[in-house]
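Engineer: Here the protein sequences line up with chains E and X, keeping their order.
Take any residue in the first sequence, count from 1 to its spot, add 390: that is its number in our numbering.
Take any residue in the second sequence, count from 1 to its spot, add 390: that is its number in our numbering.
The beta-carbon is built from N, C-alpha and C at its ideal position, and this holds for glycine as well.
Please read these numbers as outputs of a predicted model, since none were measured by experiment.
Protein chains: 2
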Amino acid sequence: MSLRHALLTALLEKPASGLELAKRFDRSIAYFWNATHQQIYRELSRMEAEGLIESTPEENARGVKKIHRVLPQGRKELKRWVGEGGDPAPLRDPMMVRLRAEGVVGPAGLADSLRAQRKQHLAKRALYREFEAKDFSKSPADRAAALRYVVLKAGLKYEDYWIEMLDEALAVLDEFDH
Amino acid sequence: MSLRHALLTALLEKPASGLELAKRFDRSIAYFWNATHQQIYRELSRMEAEGLIESTPEENARGVKKIHRVLPQGRKELKRWVGEGGDPAPLRDPMMVRLRAEGVVGPAGLADSLRAQRKQHLAKRALYREFEAKDFSKSPADRAAALRYVVLKAGLKYEDYWIEMLDEALAVLDEFDH
DNA sequence: ACGCGCATGTAACCAGTTACATGATTCT
DNA sequence: AGAATCATGTAACTGGTTACATGCGCGT
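#1: Tell me the rounded alpha-carbon separation between residue 549 of chain X and residue 421 of chain X.
#2: Return the residue from the list E/396, E/494, E/439 and E/400 that minimises the CA-CA distance to residue 469 of chain X.
#3: Residue 406 of chain E and residue 443 of chain E - do their beta-carbons sit closer together than 8 Å?
#4: What residue range is occupied by the uninterrupted beta strand (DSSP E) comprising residue 447 of chain X?
#5: Do the segment 393 to 409 of chain E and the segment 512 to 520 of chain E touch if we need at least three Cβ pairs shorter than 8 Å?
#6: Along chain E, in chain order, which residues have C-beta atoms closer than 8 Å to that of residue 511 of chain X?
#7: Which chain E residues are close to residue 432 of chain X, counting only those with a beta carbon under 8 Å from its beta carbon?
#8: Excluding the five sequence neighbours on either side, which residues of its own chain have a C-beta within less than 6 Å of the C-beta of residue 424 of chain E, listed in chain order?
#9: Using a Cβ cut-off of 8 Å (strictly closer), state whether residue 540 of chain E contacts chain X.
#10: Which bits of chain X does residue 533 of chain E rub up against, with CB to CB less than 9 Å?
#11: On the three-state DSSP scale, how would you describe residue 458 of chain E?
#12: For my contact list, residue 400 of chain X and residue 411 of chain X are in at a C-beta cut-off of 8 Å; report their separation, rounded to the angstrom.
#13: According to DSSP, what are the bridge partners of residue 501 of chain E?
#14: Check each residue of the segment 444 to 472 of chain E: if its Cβ is closer than 7 Å to any Cβ of chain X, include it; give the result in chain order.
#15: Which class does residue 406 of chain X belong to by DSSP, given the choice of helix, strand or coil?
#16: Determine the burial state of residue 480 of chain E: buried for a count of at least 16 other Cβ atoms within 10 Å of its Cβ, exposed for fewer.
#17: Residues of chain X with CB closer than 8 Å to the CB of residue 528 of chain E, please, in chain order.
#18: If we define contact as Cβ-Cβ less than 8 Å, is residue 442 of chain E a contact residue for chain X?
#19: Could you give the first and the last residue of the continuous alpha helix (DSSP H) run that contains residue 548 of chain X?
#20: Under 9 Å Cβ-Cβ, which residues of chain X neighbour residue 502 of chain E?
#21: Consult DSSP for residue 435 of chain E and reduce its assignment to one of helix, strand or coil.
#22: Chain E beta carbons: is any one of them nearer than 8 Å to that of residue 515 of chain X?
#23: Throw me the rounded Cβ distance for the residue 546 of chain X and residue 515 of chain X pair, which I believe falls under 8 Å.
#24: Indicate the three-state DSSP secondary structure (helix, strand or coil) for residue 416 of chain E in the structure shown.
#25: Verify whether the separation of the beta carbon atoms of residue 553 of chain E and residue 500 of chain E is less than 8 Å.
#26: Can you tell me where the alpha helix (DSSP H) holding residue 493 of chain X begins and where it ends?
Have a look at this one:
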């Protein structure tokens with residue numbers, strides 16, 4: 391149930407509406423979690439029903455915007471969950487399955503999609519590097535910022551990892567299928 | 391729907407029963423996909439109903455063991471899927487959420503679970519290194535083996551990545567909470 | 001006789017995905 | 001007037017998780 395806790399964290403940093411959260415998830419927080427607006431709305435309703443957050447309608451904007459704020463119960467729940475621990479997330483990546491399958495069924499046109507994914511990872515890395523230049527040009531002074539930077543660096547390294555991986559896979563395909 | 395295709399790949403390499411597949415997923419294939427036996431049985435039934443695989447009971451063993459084999463339709467479906475392409479798998483890791491949350495709610499005892507996870511990643515890496523020494527001590531000659539090696543190296547690097555990450559996070563927590 | 005490991009499953013649940021619905025405001 | 005954007009939601013479905021059920025054979 392990490393979506394709930396990702397939302398609590400985001401709302402503690404700054405109260406927001408459902409759609410604003412969805413956008414933040416798309417942008418700055420996407421390197422460690424993501425979610426669609428449907429999922430977010432559902433989870434926000436649940437959390438409100440359980441007394442973890444409250445919402446106040448803001449009528450001046452178009453439609454009715456609901457700003458969500460974390461209640462003491464919510465902060466308590468987040469703190470409890472952080473200390474809780476648990477196993478590493480199970481790895482589940484279709485591309486690795488595809489690579490192995492390519493070995494078994496013979497050339498099936500995987501190289502193109504490897505290159506396409508490589509491009510996407512390059513783009514993400516470039517974006518994260520912008521975040522890095524903007525937010526962490528000097529080393530962070532406080533604890534919270536230092537931890538945010540660790541997470542950003544993890545995102546960066548994750549993209550590095552994939553680019554290396556894909557290059558290696560492409561080299562192998564190139565060698566055997568010249 | 392990658393479970394299906396992971397199973398087809400595994401069954402093409404060697405026909406097997408449901409439980410054997412579950413074990414293989416736990417061991418050698420766990421660095422790119424995993425699944426419980428319940429999931430595997432459900433998917434095998436579906437694939438049999440759709441004519442992608444067939445099963446023959448083997449009564450001599452204890453209980454009734456069903457050996458599954460891939461049919462031409464199944465191979466065709468796997469090949470189709472490999473060429474299909476798609477976006478990178480969305481990243482979703484609770485530990486990254488926890489790190490960020492720690493920054494927001496203050497020290498909440500995250501260091502212990504970071505160390506616990508680190509241990510698990512070290513163990514996995516050691517296991518993968520054994521696989522490497524056993525199966526790839528000399529560089530692979532054929533295409534299929536070369537691709538299997540790429541996937542194993544990806545698994546290895548993934549563990550390296552996490553160990554580095556966790557060390558960095560622990561260093562930050564150590565610095566601020568001495 | 002008893003427990004353990006092999007082997008196959010069912011059922012209920014939860015989280016994430018996809019498609020669609022609705023209404024208001026701003027831009028052209 | 002019509003299109004794009006902001007904003008919130010419902011419904012149906014798929015995939016993954018957890019808990020439980022059942023029966024056989026082998027070792028002690």
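Structural biologist: On the basis of the coordinates in this document:
#1: If you number the second sequence from 1, residue 549 of chain X lands on position 159. If you number the second sequence from 1, residue 421 of chain X lands on position 31. Approximately 9 Å, taken between the alpha carbons.
#2: Indexing the second sequence from 1 puts residue 469 of chain X at position 79. Answer by Cα proximity: E/494.
#3: To locate residue 443 of chain E, count along the first sequence from 1; it is residue 53. To locate residue 406 of chain E, count along the first sequence from 1; it is residue 16. No, Cβ-Cβ distance for residue 443 of chain E and residue 406 of chain E is not below 8 Å.
#4: Residue numbering aside, residue 447 of chain X sits at position 57 when the second sequence is read from its first letter. It spans 443 to 448 - the beta strand (DSSP E) in which residue 447 of chain X sits, taken as one unbroken run.
#5: no
#6: Along the second sequence, one-based indexing puts residue 511 of chain X at 121. Going along chain E in sequence order, the residues near residue 511 of chain X (Cβ under 8 Å) are 478.
#7: For this step, residue 432 of chain X is matched to residue 42 along the second sequence. In chain order: nothing, as chain E lies at least about 17 Å away.
#8: The residue given as residue 424 of chain E occupies position 34 in the first sequence. Answer for residue 424 of chain E: 415, listed in chain order.
#9: As a working note, residue 540 of chain E is residue 150 in the first sequence. So yes, residue 540 of chain E belongs to the interface.
#10: On the first sequence, position 143 is the one that residue 533 of chain E refers to. By Cβ distance, chain X contributes 492, 493, 496, 497, 562, 563, 565, 566 and 567.
#11: Here the question's residue 458 of chain E lines up with position 68 in the first sequence. DSSP places residue 458 of chain E in strand when its eight states are reduced to three.
#12: Here residue 400 of chain X is taken as the residue at index 10 of the second sequence, counted from 1. Here residue 411 of chain X is taken as the residue at index 21 of the second sequence, counted from 1. So it is a contact: roughly 6 Å between Cβ atoms.
#13: For the purposes of this step, residue 501 of chain E is identified with residue 111 of the first sequence, where counting begins at 1. Looking at the DSSP assignment, residue 501 of chain E forms no beta bridge with any residue, so it has no partner.
#14: 465, 468, 469 and 472
#15: As a first step, residue 406 of chain X is located in the second sequence; it is residue number 16 there, counting from the start. Three-state DSSP puts residue 406 of chain X in a strand.
#16: Translated into positions along the first sequence, residue 480 of chain E becomes position 90. When all chains shown are included, residue 480 of chain E counts as exposed.
#17: Looking up residue 528 of chain E in the first sequence gives position 138. Here the premise fails: no neighbours, minimum Cβ distance about 16 Å.
#18: The sequence position of residue 442 of chain E within the first sequence is 52, counting from 1. With 8 Å as the cut-off, residue 442 of chain E does not count as an interface residue toward chain X.
#19: Start at 1 with the first residue of the second sequence, and residue 548 of chain X comes out as number 158. It spans 533 to 567 - the alpha helix (DSSP H) in which residue 548 of chain X sits, taken as one unbroken run.
#20: Looking up residue 502 of chain E in the first sequence gives position 112. In chain order: 473 and 475.
#21: Walking along the first sequence from the start, residue 435 of chain E turns up at place 45. The answer is helix: DSSP assigns residue 435 of chain E an H, G or I state.
#22: For this step, residue 515 of chain X is matched to residue 125 along the second sequence. No, because no Cβ of chain E sits closer than 8 Å to the Cβ of residue 515 of chain X.
#23: Here residue 546 of chain X refers to the residue found at position 156 of the second sequence. Here residue 515 of chain X refers to the residue found at position 125 of the second sequence. Indeed they touch by this definition, with Cβ atoms about 6 Å apart.
#24: Looking up residue 416 of chain E in the first sequence gives position 26. If DSSP states are grouped into helix, strand and coil, residue 416 of chain E belongs with the helices.
#25: Residue mapping note: residue 553 of chain E aligns to position 163 of the first sequence, counting from 1. Residue mapping note: residue 500 of chain E aligns to position 110 of the first sequence, counting from 1. Contact flag unset, no.
#26: Locating residue 493 of chain X in the second sequence gives position 103, counting from the first residue. Run containing residue 493 of chain X: 484 to 495, per the alpha helix (DSSP H) assignment.
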